[in-house]
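Notes follow once the structure below has been shown.
Numbering (this note's numbering), first residue to last: -3 to 83.
See below:
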């Protein structure tokens, strides 16, 4: 399924009607855009629920924190941040 739209001078595009119906997108709905820089493909997803729920888990945990519990990560990050600051 596909469609074509023109970008306005404000950077806005209209999602083609066939795609809006398929994705059940209505006026006022929030949508999430994700671009793949290698293929130049843009994915559009209707956001349901809160944005926090939709984006939960989307951040990568740095390798040095991957084997730690959340509280340990926070303490290690604080230590790393404050050890590099000059007072």
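Every residue gets a Cβ at the ideal spot worked out from N, C-alpha and C, and that includes glycine.
Remark: fewer than three beta-carbon pairs, one from each stretch, lie closer than 8 Å, so the region 64 to 71 and the region 37 to 53 are not flagged as touching. Straight across, the Cα-Cα distance linking residue 41 with residue 4 is about 21 Å. Straight across, the Cα-Cα distance linking residue 23 with residue 59 is about 41 Å. Apart from sequence neighbours up to five positions away, the residues of its chain that approach residue 20 with a beta-carbon distance below 8 Å are 42, ordered along the chain. Per DSSP, the continuous beta strand (DSSP E) segment holding residue 41 begins and ends at 37 to 42.
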